[in-house]
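First residue of the sequence shown: 56, per my numbering; consecutive thereafter.
Contents: one structure, followed by commentary.
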Amino acid sequence: MGADSALDKPVVLFDGVCNLCSSSVIFIIKRDRGSKIKFASLQSEFGQEQMKRFKLPASLLNSVLLIKNGKLYQRSNAALEIASMLDGLWPLFFIFKIVPRFFRDIIYDWIAKNRYRWFGKKEECMIPTPEMRERFIN
Numbered sequence: 056m057g058a059d060s061a062l063d064k065p066v067v068l069f070d071g072v073c074n075l076c077s078s079s080v081i082f083i084i085k086r087d088r089g090s091k092i093k094f095a096s097l098q099s100e101f102g103q104e105q106m107k108r109f110k111l112p113a114s115l116l117n118s119v120l121l122i123k124n125g126k127l128y129q130r131s132n133a134a135l136e137i138a139s140m141l142d143g144l145w146p147l148f149f150i151f152k153i154v155p156r157f158f159r160d161i162i163y164d165w166i167a168k169n170r171y172r173w174f175g176k177k178e179e180c181m182i183p184t185p186e187m188r189e190r191f192i193n
């Protein structure tokens with residue numbers, strides 16, 4: 056799958072060795088019954104290509120990124136945008152967009168900074184189950 060066809064749907068880029076991030080991906084998949092969202096680790100070839108495309112440092116692994124309709128969303132904006140695409144009541148979290156991004160990102164950055172300590176870290180990137188594999192790029 057080429058990069059252009061991979062971006063036909065929104066793509067979540069995540070830290071593939073972070074337990075919190077991997078759990079978040081599973082959480083999203085379970086609440087995205089229409090399979091609207093694709094996934095790739097930031098460490099993957101595709102993830103690194105997208106980092107270059109949006110002029111982000113390759114070492115930026117402490118943020119979830121969302122690419123949707125050619126636009127890049129980072130940190131709390133990405134999280135809220137992802138919530139808006141999920142089934143159930145999760146889109147209601149989009150109301151937090153009224154909170155200035157500066158304040159939302161302080162909380163986001165605090166969690167991101169402590170994620171390995173609180174939730175642990177894998178030695179390798181998450182390997183999707185066969186059922187989930189079609190949702191992943193690379």
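Built from N, CA and C at the ideal position, the CB exists for glycine as well.
Asked                                                                                                                                                           : Found
Using a 10 Å radius around the Cβ and a threshold of 16 neighbouring Cβ atoms, would you call Asp87 buried or exposed?                                          : buried
What does the alpha-carbon distance come out to for the pair Gly89 and Asp142?                                                                                  : 9 angstroms
What is the residue span of the beta strand (DSSP E) that Ile122 lies within?                                                                                   : Leu120 to Lys123
Between Trp145 and Asp63, what straight-line distance do the alpha-carbon atoms span, to the nearest angstrom?                                                  : 23 angstroms
So what's Ala95 in DSSP terms, helix, strand or just coil?                                                                                                      : strand
What three-state label does DSSP hand Phe101 in the structure shown?                                                                                            : helix
Tell me, to the nearest whole angstrom, how far the beta carbon of Arg108 is from that of Ser131; I am working on the premise that it is less than 8 angstroms. : About 22 angstroms separates the two Cβ atoms, so there is no contact after all.
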